[in-house]
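Chains as they are written, first to last, in this note's numbering: chain X, 43 to 286; chain F, 43 to 286. In this text, a Cβ means the ideal position worked out from N, Cα and C, and glycines have one as well. Contents: one structure, followed by commentary.
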């Protein structure tokens, strides 16, 4: 069973886990799991439990733990600072960057962002990220912050040792900019909204040490930039292999 | 005006172009262009015309050509062989791979594809690709084939000098597999459907010289794999810079 189910630590009782709510429904009604099936269950803190289903009731599933592993956190740190983009495209970016392995996502407002920050969005994006983790087998979901202002974003960037800004007016070859990137760095990726960044904003990023790089001749959409840049960074860090 | 409008060669008359249909509607009603505005108009064969709007009528826009450039075709060749995926996700893959610069897209059926091939789809995907070109400033749209069978796909692959297969069971580091890739190669990227490929299918690809590579620890969705792999290949060919 490739799909992972998420539970809370409080759902674990000695050798048994209790699965409830939407996870239980998905397991019982959609996947139609049966007593005796093996499933993998995990917490967002990296506890991974191989279990065997013992009971499926109307409201819950009970499974017996057969193996328990505490996974190590990723040995890298990649934070995507994403200027908020409209609706579904922001969700696509979060889903795909979660699959790719980005560790943190910080949405922020800038001169040209048009979406109003709202609290509902963070909850929705977190749910999306957890769904993506279940689908792709990722153990630790990304940490997704609530929307921050441009100045708060600049402040957070101060603690990063490598900052890459996807910028269409940049002539440098991305390979020259990214080469030699070390996995021990605290890496930030900055991607603009549909409207991009003003030249003043780009200057402010550069003043913090941000390296601008082009993603090619064409002007990529914001969510394409996020996924393309995340892919290339993971690849360049040599994380595109089965076990690392 | 960043947005490019597509026309046919037959819409060009001496120093004037006539823009009709949905392009005219978008120009006049959505973007609300005016007489005197400068726009860029192009054909799918690479003719790029900088124009100035002279007349906006109910059904058409007439613009005067100020500069005419015949663009050179891309100096690289990247074909995405994409096992067909359901609905919106296939469209997303085509849109984003168009933005990234993939030159050809060949949808194909395999053991685990569930979508029925239909003629309507090719027309829709081509329209999507052209929209993406207008948005991102790409001159030559990708050539998108009608759906082919697995065996037809194998046959087409014989003319490619470098074939990369995104395969989750592969242990090799992608960097080791892709390094030294030359821009003069005829490059094929193979991405599976939601269900992936059978081991027999993978063997057949390998027999044609396909190199398997992992896209990381997590199991990426099909459309994420297409975009991630295309990004990395464009990057590795040093095409991630403004002018090439």
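Boundaries (first-last residue) of the alpha helix (DSSP H) holding residue i
| i | result |
| --- | --- |
| residue 140 (chain X) | 129 to 142 |
| residue 156 (chain X) | It is not in any alpha helix (DSSP H) - residue 156 (chain X) carries neither H nor E in the DSSP assignment. |
| residue 261 (chain X) | Taken as a continuous stretch (DSSP letters only), residue 261 (chain X) belongs to no alpha helix (DSSP H), as it is neither H nor E. |
Minimum Cβ-Cβ distance from residue i to chain X less than 8 Å
| i | result |
| --- | --- |
| residue 173 (chain F) | no |
| residue 104 (chain F) | no |
| residue 240 (chain F) | no |
| residue 270 (chain F) | yes |
| residue 256 (chain F) | yes |
| residue 260 (chain F) | yes |
| residue 75 (chain F) | no |
| residue 119 (chain F) | no |
| residue 115 (chain F) | no |
| residue 72 (chain F) | no |
| residue 43 (chain F) | The predicted position of residue 43 (chain F) is uncertain, since its pLDDT is 39 and thus under 50; no value can be drawn from it. |
| residue 143 (chain F) | yes |
| residue 214 (chain F) | yes |
| residue 180 (chain F) | yes |
| residue 253 (chain F) | no |
When the options are compared against residue i, the one with the closest alpha-carbon
| i | options | result |
| --- | --- | --- |
| residue 111 (chain X) | X:91, X:120, X:118, X:127 | X:91 |
| residue 222 (chain X) | X:94, X:276, X:76, X:88 | X:276 |
| residue 117 (chain F) | F:225, F:259, F:233, F:238 | F:225 |
| residue 236 (chain X) | X:125, X:258, X:171 | X:125 |
| residue 58 (chain F) | F:105, F:72, F:79 | F:105 |
| residue 51 (chain F) | F:63, F:176, F:86 | F:86 |
| residue 128 (chain F) | F:158, F:145, F:79 | F:158 |
| residue 188 (chain X) | X:170, X:177, X:163, X:231 | X:163 |
| residue 177 (chain F) | X:260, X:66, X:167, X:48 | X:260 |
| residue 231 (chain F) | F:137, F:69, F:147 | F:147 |
| residue 145 (chain X) | X:185, X:168, X:109, X:114 | X:185 |
Proximity test, Cβ basis, 8 Å: residue i and chain F
| i | result |
| --- | --- |
| residue 82 (chain X) | no |
| residue 196 (chain X) | no |
| residue 132 (chain X) | no |
| residue 277 (chain X) | yes |
| residue 46 (chain X) | no |
| residue 266 (chain X) | yes |
| residue 290 (chain X) | The structure shown does not extend to residue 290 (chain X), since chain X spans only 43 to 286, so no value can be given for it. |
| residue 59 (chain X) | no |
| residue 274 (chain X) | yes |
| residue 281 (chain X) | yes |
| residue 222 (chain X) | no |
Bridge-paired residues (DSSP) for residue i
| i | result |
| --- | --- |
| residue 255 (chain F) | F:208 |
| residue 61 (chain F) | F:103 |
| residue 54 (chain F) | F:59 |
| residue 149 (chain X) | X:124 |
| residue 186 (chain F) | F:147 |
| residue 281 (chain F) | Per DSSP, none; premise fails for residue 281 (chain F). |
| residue 112 (chain X) | X:89 |
Limits of the beta strand (DSSP E) - the one that residue i falls within
| i | result |
| --- | --- |
| residue 23 (chain X) | Not covered by the structure: residue 23 (chain X). The range shown for chain X is 43 to 286. |
| residue 46 (chain X) | 46 to 48 |
- Can you give, in chain order, each stretch of the alpha helix (DSSP H) that sits fully within the stretch 193 to 249 of chain F and has at least 4 residues? Runs of the alpha helix (DSSP H) lying entirely within the stretch 193 to 249 of chain F, each at least 4 residues long, are 216 to 220, 241 to 249 in chain order.
- At which residue ranges does the stretch 78 to 110 of chain F contain complete beta strand (DSSP E) runs of 3 or more residues, listed in the order of the chain? Taking 3 residues as the shortest admissible run, the stretch 78 to 110 of chain F contains the following complete beta strand (DSSP E) segments, listed from N- to C-terminal end: 80 to 84, 89 to 98.
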